[in-house]
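Visitor: I have a structure here, written as structure tokens, and I will follow up with some questions on it.
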Amino acid sequence: MTEGARFGKVAVLMGGPSSEREISLKSGAAILDALREAQVDATAIDVSSDVFEQLRAGKYDRAFIALHGALGEDGCIQGGLDVIGMPYSGSGVLASGICMNKQITKQLWSAYGIPTPRYRILDGFVEPDMLAAELGLPMILKPVSQGSSIGITKVNSREEIITAWEHASSFEDTVIAEQWIDGEEYTVAVLDEQALPVIRLETPRIFYDFDAKYQSDDTQYHCPSGLPKALESDIKEQVLQAFAVTAASGWGRVDLMLDRNENPWFLEINTVPGMTDHSLVPMAAKAQGISFVELVVRILETSLA
């Protein structure tokens, strides 16, 4: 019996109907290849309305969730898997729902003293002058529950607020306006209650947007981050706290910024981060001496807990 046989028959859930479908398909394909290299009996399932019937009919033992965005990261697929009694990778229903919603995440962080930029929820009428007075300019507008920087706009003037709000609300009704932090962007992967090496993101774009994440070749990733060891250690400790208070578990990624005074500001948590050739978790794992195949197997091991 191979080591991979301990997992039984594994369904890699990918694709789905969300706005991040294409990225999910790429992540799922990479995960599937890695599992098969590790001699795991794995099959890809492009998630549709009959996914649970497919899982039952296929007599799968567990699921590796490679779904990004709605359905995959918001607790819906996790809830369905709980109902049919199938183990799965990563966070459960509660944490998935919390982390997918930027408002709830920020409310929890604020309650626990974890620094996060000031914000205002926009779910209807928008008054640009009041919003600018409250949050200052520039600011960021984004859908409250989308990932991959979808629907995000940096707003530099009052005149741009309505257009940015209309763009964000084309993806979902509730929009979050957030204080702009002037500084550098960082991300920290979490695996098995351990923070992996910090990655500093550098892009010639306004911020680390969808194109910078998945399509551009001019984005630079610095790992080691270049931060002083003591500061990086402090950030990793805060990342683990930020991860834990949302009930997130297994694996994920925490995004943050450092302002000009090197104060951290936490932005969001990804409970099912990308696993493509541009993705950050595999990059951090490699810096820790963890191969992509080992990383994928360790993520699948979270379904055994």
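Residue 354, in this note's numbering, is where the sequence shown stops; the numbers in between run on with no holes. The C-beta atom is built at its ideal place from N, Cα and C for all residues, glycine as well.
(1) Can you give me the Cβ contacts of ALA181 inside the same chain, cut-off strictly under 6 Å, excluding the 5 residues immediately before and after it?
(2) Would you mind reading off the limits of the beta strand (DSSP E) that contains GLU251?
(3) Helix or strand or just coil, what does DSSP make of ALA238?
(4) Span of the beta strand (DSSP E) holding ILE318?
(5) Which parts of the stretch 276-305 are runs of the alpha helix (DSSP H), unbroken and 4 residues or longer, counting only runs that do not cross its ends?
(6) Would you say CYS272 and MET324 are within 8 Å of each other, going by their C-beta atoms?
(7) Indicate the three-state DSSP secondary structure (helix, strand or coil) for LEU186 in the structure shown.
(8) Can you tell me where the alpha helix (DSSP H) holding THR154 begins and where it ends?
(9) Is it buried or exposed, GLN269, if we count other Cβ atoms within 10 angstroms and call 16 or more buried?
(10) Is it buried or exposed for ALA79, if we count other Cβ within 10 angstroms and need 16 for buried?
(11) Closest to LEU280 by CA distance: which of GLU251, GLU311, GLN290, GLY299 is it?
(12) Have a look at GLU233 and PRO313 and give me their C-alpha separation to the nearest angstrom.
(13) If you draw a straight line from the C-alpha of VAL108 to the C-alpha of VAL321, how long is it?
(14) Quick one: measure Cβ to Cβ for THR223 and ASP304, integer angstroms, because I've assumed they're closer than 8 Å.
(15) Note down the Cα distance separating ASN150 from GLY57, rounded to an integer number of angstroms.
(16) Pick helix, strand or coil for ALA54, following the three-state DSSP scheme.
(17) How far does the alpha helix (DSSP H) with GLN398 in it reach, from first residue to last?
(18) What ranges does the alpha helix (DSSP H) occupy inside the stretch 196-230, keeping only unbroken runs of at least 4 residues that lie completely in it?
(19) Helix, strand or coil for MET63 per DSSP?
(20) Taking the alpha-carbon positions, what's the ILE201 to LEU316 distance?
(21) Report the start-end ranges of each alpha helix (DSSP H) in the stretch 106-153 that is 4 residues or longer and not cut off at the edges.
(22) Would you kindly report the start and end of the unbroken beta strand (DSSP E) that includes ARG169?
(23) Look at GLN228 and PRO166 and say whether their C-beta atoms are less than 8 Å apart.
(24) If you reduce the DSSP assignment to three classes, tell me which class VAL345 lands in.
(25) Between ILE339 and the rest of its own chain, which residues show a CB-CB distance below 7 Å, the 5 nearest in sequence each way excluded?
(26) Hey, out of LYS278, ALA238, ALA60, ILE284, whose CA is closest to GLY77's CA?
(27) Per DSSP, GLY232 is paired with what?
(28) Could you tell me if GLU343 is buried or exposed, where buried requires 16 or more neighbouring beta carbons within 10 angstroms of its beta carbon?
(29) For GLN243, which beta-bridge partners are listed by DSSP?
(30) For GLN337, does the three-state DSSP call read helix, strand or coil?
(31) So is LEU240 buried or exposed if we call it buried at 16+ other beta carbons inside 10 Å?
(32) Considering only residues of the same chain and omitting the five flanking positions on each side of SER67, which have a CB-CB separation below 8 Å?
Guide: With the given structure in hand:
(1) ARG207
(2) 248-251
(3) strand
(4) 313-319
(5) Runs of the alpha helix (DSSP H) lying entirely within the stretch 276-305, each at least 4 residues long, are 278-293 in chain order.
(6) no
(7) Judged by DSSP in its simplified three-state form, LEU186 adopts coil rather than helix or strand.
(8) 151-160 is the extent of the alpha helix (DSSP H) around THR154.
(9) exposed
(10) buried
(11) GLU311
(12) 10 Å
(13) It should be noted that the sequence gives Lys, not Val, for residue 108. Their Cα atoms are separated by approximately 24 Å.
(14) Actually they do not touch by this definition, with Cβ atoms about 20 Å apart.
(15) Whole-angstrom Cα-Cα distance: 33 Å.
(16) helix
(17) Not covered by the structure: residue 398. The range shown for the chain is 50 to 354.
(18) 210-218
(19) strand
(20) 13 Å
(21) 125-133, 142-149
(22) For ARG169, the enclosing beta strand (DSSP E) begins and ends at 168-171.
(23) Closer than 8 Å, so yes.
(24) When DSSP states are grouped into helix, strand and coil, VAL345 belongs to the helix group.
(25) none
(26) ALA60
(27) As computed with DSSP, GLY232 is found in a beta bridge with ASP308.
(28) exposed
(29) DSSP, once it has assigned bridges, lists LEU240 as partnering GLN243.
(30) coil
(31) buried
(32) SER73, LEU116, HIS117, GLY118, ALA119, LEU120, GLY121
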